[in-house]
Amino acid sequence: MIFLQRFWDCRGRMLLCCLLGSLWETGALQIHYSIPEEMEKGSFVGDIAKDLGLEPRKLSELGARIVSGGKQHFTLNVRSGSLVTADRLDREKICFGISICLLNVELLMEDKVKIYGLEVEVIDINDNAPRFRTDEVEIKINENAAPGLRFGLPSAKDPDVGVNSLQNYQLSQNNHFSLNVLSGIDGIKYPELVLERALDREEESVHHLLLKAWDGGEPGLSGTARIRVLVLDANDNAPVFTQSVYSVSVPENLPKGSRLLRVNATDSDEGVNGEVIYSFRNIDDKASEIFQLDSQTGQLLLVESLDYEESKIYEMEIQGQDGGGLMTSAKVLVRILDVNDNAPEVMVTSFTSSVPENSPPGTVVALLKVYDRDAGDNGHVTCSISDQLPFKLEKSYANYYSLVIDRALDREQISMYNVTVTVTDQGTPLLSTDTHIPLQVEDINDNSPNFGQTSYSAYIHENNARGSSIYSVTASDPDTKENAQLTYSISDYILHGVSLSSYISINSETGVLYALRSFDYEQFRDLQLQITVKDGGDPPLSSNVSLTLFILDQNDNAPEILYPTFPTDGSTGVELAPRSAESGYLVTKVVAVDGDSGQNAWLSYRLLKVTEPGLFSVGLHTGEIRTTRTFLDKDALKQSLVVAVADNGEPPLSTTVSVTVVVADSIPEILSDLSNLETTVHLEDESLTLYLVIAIVVISSLFFIFIVVLLVIKLRYRQNSRQLQSSSGQLKNIPPSPVCGPR
Ligand SMILES: *[C@@H]1O[C@H](CO)[C@@H](O)[C@H](O)[C@H]1NC(C)=O
Ligand SMILES: *[C@@H]1O[C@H](CO)[C@@H](O)[C@H](O)[C@H]1NC(C)=O
Ligand SMILES: *[C@@H]1O[C@H](CO)[C@@H](O)[C@H](O)[C@H]1NC(C)=O
Numbered sequence: 181m182i183f184l185q186r187f188w189d190c191r192g193r194m195l196l197c198c199l200l201g202s203l204w205e206t207g208a209l210q211i212h213y214s215i216p217e218e219m220e221k222g223s224f225v226g227d228i229a230k231d232l233g234l235e236p237r238k239l240s241e242l243g244a245r246i247v248s249g250g251k252q253h254f255t256l257n258v259r260s261g262s263l264v265t266a267d268r269l270d271r272e273k274i275c276f277g278i279s280i281c282l283l284n285v286e287l288l289m290e291d292k293v294k295i296y297g298l299e300v301e302v303i304d305i306n307d308n309a310p311r312f313r314t315d316e317v318e319i320k321i322n323e324n325a326a327p328g329l330r331f332g333l334p335s336a337k338d339p340d341v342g343v344n345s346l347q348n349y350q351l352s353q354n355n356h357f358s359l360n361v362l363s364g365i366d367g368i369k370y371p372e373l374v375l376e377r378a379l380d381r382e383e384e385s386v387h388h389l390l391l392k393a394w395d396g397g398e399p400g401l402s403g404t405a406r407i408r409v410l411v412l413d414a415n416d417n418a419p420v421f422t423q424s425v426y427s428v429s430v431p432e433n434l435p436k437g438s439r440l441l442r443v444n445a446t447d448s449d450e451g452v453n454g455e456v457i458y459s460f461r462n463i464d465d466k467a468s469e470i471f472q473l474d475s476q477t478g479q480l481l482l483v484e485s486l487d488y489e490e491s492k493i494y495e496m497e498i499q500g501q502d503g504g505g506l507m508t509s510a511k512v513l514v515r516i517l518d519v520n521d522n523a524p525e526v527m528v529t530s531f532t533s534s535v536p537e538n539s540p541p542g543t544v545v546a547l548l549k550v551y552d553r554d555a556g557d558n559g560h561v562t563c564s565i566s567d568q569l570p571f572k573l574e575k576s577y578a579n580y581y582s583l584v585i586d587r588a589l590d591r592e593q594i595s596m597y598n599v600t601v602t603v604t605d606q607g608t609p610l611l612s613t614d615t616h617i618p619l620q621v622e623d624i625n626d627n628s629p630n631f632g633q634t635s636y637s638a639y640i641h642e643n644n645a646r647g648s649s650i651y652s653v654t655a656s657d658p659d660t661k662e663n664a665q666l667t668y669s670i671s672d673y674i675l676h677g678v679s680l681s682s683y684i685s686i687n688s689e690t691g692v693l694y695a696l697r698s699f700d701y702e703q704f705r706d707l708q709l710q711i712t713v714k715d716g717g718d719p720p721l722s723s724n725v726s727l728t729l730f731i732l733d734q735n736d737n738a739p740e741i742l743y744p745t746f747p748t749d750g751s752t753g754v755e756l757a758p759r760s761a762e763s764g765y766l767v768t769k770v771v772a773v774d775g776d777s778g779q780n781a782w783l784s785y786r787l788l789k790v791t792e793p794g795l796f797s798v799g800l801h802t803g804e805i806r807t808t809r810t811f812l813d814k815d816a817l818k819q820s821l822v823v824a825v826a827d828n829g830e831p832p833l834s835t836t837v838s839v840t841v842v843v844a845d846s847i848p849e850i851l852s853d854l855s856n857l858e859t860t861v862h863l864e865d866e867s868l869t870l871y872l873v874i875a876i877v878v879i880s881s882l883f884f885i886f887i888v889v890l891l892v893i894k895l896r897y898r899q900n901s902r903q904l905q906s907s908s909g910q911l912k913n914i915p916p917s918p919v920c921g922p923r
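Per the numbering used here, the sequence shown starts with residue 181, numbered consecutively.
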């Protein structure tokens with residue numbers, strides 16, 4: 181049985197804990213403290229840390245602070261984790277006219293962006309005595325006033341509440357008057373003087389009375405007013421107000437100087453006894469500043485502006501007194517109507533000025549408090565932001581809203597938001613307030629650097645200068661700052677036994693490529709590079725691109741003769757041509773190559789020097805040496821040819837080669853002739869022309885002499901015509917001499 185009881189106890193307690201826990205989550209549970217007013221500054225109010233179930237030091241770690249707008253009455257002692265008063269609290273100042281003085285304290289946990297509501301009740305102490313507005317009041321009463329007639333007395337005010345406020349009135353002992361205490365609609369007590377026994381001015385013209393008001397505090401306090409009753413000569417009629425209560429409702433924005441209403445009291449006496457003077461009788465200090473009563477006309481005027489938010493109703497007591505001193509009173513009620521004269525207000529309580537672009541949806545970026553001082557629809561506010569923005573507003577505790585991320589952010593698209601929160605009330609006309617929350621989106625390294633192309637090609641002439649720049653690659657990165665700071669590098673590998681880095685280098689900052697060596701087209705024609713660009717983010721992102729460097733040929737190689745070569749291998753080194761060779765006979769072929777390529781390696785052949793002109797020709801592009809006619813007996817046996825081989829470069833390079841052709845039918849024949857051929861070839865080569873010239877000159881001279889002689893003979897024969905006839909027939913038969921001119 182006992183066991184069962186315990187079980188239920190435990191369950192009950194657990195249930196309570198769960199319930200409390202869930203209430204905390206929603207922020208519905210409020211912590212309630214109470215403290216008497218007029219405590220010293222720094223007085224303990226409540227142990228917040230304990231009531232939130234936290235270690236005292238945890239509060240400061242979580243960045244707890246009090247955020248309630250307006251005057252701060254409390255502060256947080258983060259060391260002890262308790263709430264203390266920030267100054268001496270005067271309940272009558274803070275909650276004037278309010279019976280239960282509750283102060284709301286909002287506690288913000290900066291770290292959790294969470295609000296807790298606390299409620300502190302300030303308990304009244306009896307620190308105010310009842311007080312009359314004036315110390316002395318004079319009342320004039322006609323001597324023939326009938327017993328039972330009532331006269332209003334000033335009432336006292338005690339700003340305390342409950343038993344500490346005004347409880348009752350007491351009148352000093354006397355023979356003519358008694359006190360009657362009335363209760364108003366609001367529970368306020370009004371003292372009245374009641375005439376008990378007829379007065380006689382001739383017996384006693386002035387009565388001194390003392391009115392005492394006391395409260396119910398412990399100890400009780402009291403206030404007094406002296407009342408002087410003047411007994412007047414006959415004045416039969418007291419003034420009578422046309423209404424016992426005058427009421428009017430006015431909008432709070434009524435301009436100063438407006439007439440609110442007019443009170444009217446009539447007195448049927450004649451002369452001074454029938455002239456009514458109006459005045460306030462009971463009016464609080466605030467109302468006496470706002471309203472003015474024209475003593476002659478009874479007009480109630482507005483002299484100060486009204487504010488619904490300050491006071492919604494004013495209640496005043498007025499009196500009309502005739503010249504004879506008789507008076508009556510009436511009440512004036514002025515109800516203030518709310519006008520939508522206060523725009524909603526927004527207070528940004530907590531806010532981060534920048535947010536990383538990868539923040540997940542739901543991240544809180546700002547906490548706002550919205551309020552409107554107007555009442556009803558005029559004070560009913562709605563809060564909105566543009567739906568184009570990737571943010572949304574979420575209602576959190578009470579009139580707090582959190583601005584949270586709704587959709588993913590991208591700094592590369594929008595790097596800065598200026599969120600405009602519009603708060604609108606429901607009044608007529610609608611009033612709204614815009615609050616701007618600037619939000620910077622912080623960069624995250626979410627973009628790799630990007631080369632504009634997938635691959636690059638670069639060209640460079642061989643024999644380049646060392647250190648010359650070859651090419652430049654550029655990548656871009658849409659991120660910012662170090663996330664967009666790019667570093668270029670080349671992947672190294674071994675090329676022809678040498679590491680690539682000894683051929684090419686890259687400026688890691690600019691992406692400019694430099695040749696570290698002079699390239700040789702004949703060694704290799706292209707280079708494959710892989711260039712990597714890396715940004716400075718954490719972690720860094722990179723991308724690759726390939727670059728092919730083509731080396732362009734230059735005409736830096738002269739043609740090289742492969743055949744014929746100098747006879748180093750024991751061969752004769754001469755070409756044979758049979759004596760009987762026909763025209764076009766292929767004697768030999770000059771074979772040459774060029775290390776360059778293209779035009780630079782396109783070879784052409786031509787004869788530079790020959791022993792016998794016109795005997796041989798060389799194919800312009802084939803290099804084939806052919807005879808151009810048959811050999812004659814007078815042709816030398818040994819023919820020397822010099823062939824020039826040139827390439828088509830700019831400028832062209834050339835090489836020469838000598839070819840010796842021996843005209844013979846067999847090898848032995850050559851060998852026997854070889855020794856004496858040597859000199860002849862040289863002779864024919866160099867002196868032939870000279871001998872020919874001499875021979876021609878000699879022959880020409882002889883012919884000239886012969887002609888001269890012939891002419892002389894002819895002249896002799898003209899004298900003897902017969903002889904001339906026969907000699908001219910002989911002359912015709914002389915054959916012409918062969919004429920040999922120089923080549
Ligand atoms: C006051 O009331 C009386 C009686 O109703 C009326 O005759 C008189 O005209 C009123 N006076 C004013 C100023 O309204
Ligand atoms: C946000 O926008 C408002 C209105 O356009 C402007 O007044 C304010 O200066 C802007 N704030 C920033 C930080 O740009
Ligand atoms: C770039 O190339 C390097 C070396 O080949 C490799 O390790 C890296 O993964 C490549 N990076 C990308 C983004 O392709």
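We put the beta carbon where it would ideally sit given N, CA and C, even for glycine. Fair warning: this is a prediction, and the values are worked out from it, not measured in the lab.
Pull up the DSSP beta-bridge partners for residue i, would you.
{"i": "D947", "result": "Any answer about residue 947 is impossible in this case: the structure gives the chain only from 181 up to 923."}
{"i": "N348", "result": "W394"}
{"i": "E495", "result": "L513"}
{"i": "M219", "result": "Answer is none; M219 lacks a bridge partner."}
{"i": "R786", "result": "A824"}
{"i": "Y296", "result": "L287"}
{"i": "I319", "result": "V409"}
At a threshold of 8 Å, does residue i count as lining ligand 1 (C-beta to nearest heavy atom)?
{"i": "R442", "result": "yes"}
{"i": "G478", "result": "yes"}
{"i": "V508", "result": "The question names Val, but residue 508 is Thr in the sequence shown. Every heavy atom of ligand 1 is 8 Å or more from the Cβ of T508, so no."}
{"i": "T314", "result": "no"}
May I ask you to check if the CB of residue i is nearer than 8 Å to at least one heavy atom of ligand 3?
{"i": "Q734", "result": "no"}
{"i": "Q710", "result": "yes"}
{"i": "N625", "result": "no"}
{"i": "D724", "result": "It should be noted that the sequence gives Asn, not Asp, for residue 724. The answer is yes for N724."}
{"i": "S628", "result": "yes"}
Using the three-state DSSP reduction, which class does residue i fall into: helix, strand or coil?
{"i": "E864", "result": "Note that E864 scores 45 on pLDDT, short of 50, meaning its location in the model is unreliable and no value can be drawn from it."}
{"i": "N257", "result": "strand"}
{"i": "G542", "result": "coil"}
{"i": "S881", "result": "helix"}
{"i": "G505", "result": "coil"}
{"i": "N780", "result": "helix"}
{"i": "F571", "result": "strand"}
{"i": "V889", "result": "helix"}
{"i": "Y577", "result": "coil"}
{"i": "I585", "result": "strand"}
{"i": "F183", "result": "Confidence in F183 is poor, its pLDDT being 39 and thus under 50, which makes the residue's placement too unreliable to answer from."}
{"i": "T326", "result": "Here the sequence assigns Ala to residue 326, which means Thr is not the residue at that position. DSSP places A326 in coil when its eight states are reduced to three."}
{"i": "G803", "result": "coil"}
{"i": "G207", "result": "Residue placement at G207 is poorly supported in this model, since its pLDDT is 45, which falls under 50; the coordinates are not used for a value here."}
{"i": "R156", "result": "Lying before the first or after the last residue shown, residue 156 is absent from the chain, which here runs from 181 to 923."}
Quick one: give me the first and last residue of the beta strand (DSSP E) that residue i is part of.
{"i": "S240", "result": "Segment 236-241 is the alpha helix (DSSP H) holding S240; no beta strand (DSSP E) there."}
{"i": "S682", "result": "No beta strand (DSSP E) contains S682, which DSSP labels as neither H nor E."}
{"i": "A695", "result": "692-695"}
{"i": "V361", "result": "357-363"}
{"i": "P371", "result": "369-375"}
{"i": "R245", "result": "244-246"}
{"i": "Q479", "result": "479-482"}
{"i": "K292", "result": "K292 -> no beta strand (DSSP E), and no H or E assigned at all."}
Which two residues bound the contiguous alpha helix (DSSP H) that contains residue i?
{"i": "E489", "result": "Where E489 is concerned, there is no enclosing alpha helix (DSSP H), given that its DSSP letter is neither H nor E."}
{"i": "I280", "result": "Premise fails: I280 is in no alpha helix (DSSP H) and is neither H nor E."}
Got a sec: is the Cβ-Cβ distance from residue i to anything in chain B below 9 Å?
{"i": "A738", "result": "The chain labelled as chain B is not found in the depicted structure, where only one protein chain is given."}
**OP:** Kindly provide the ranges of any alpha helix (DSSP H) runs that are 4 or more residues long and lie completely inside the segment 416-475, ordered along the chain.
**Re:** DSSP assignment within the segment 416-475 yields the following whole alpha helix (DSSP H) runs of 4 residues or more, N-terminal first: 465-470.
Original post:
Unbroken beta strand (DSSP E) runs of length 3 or more, entirely within the segment 604-677: which are they?
Top reply: 612-622, 635-641, 649-652, 667-670
**OP:** Return the chain-ordered ranges of every beta strand (DSSP E) run that is complete within the segment 690-777 and spans a minimum of 3 residues.
**Re:** The segment 690-777 is shown to contain whole beta strand (DSSP E) runs of 3 or more residues at 692-695, 706-714, 722-732, 740-743, 755-757, 766-769, 771-773, in chain order.
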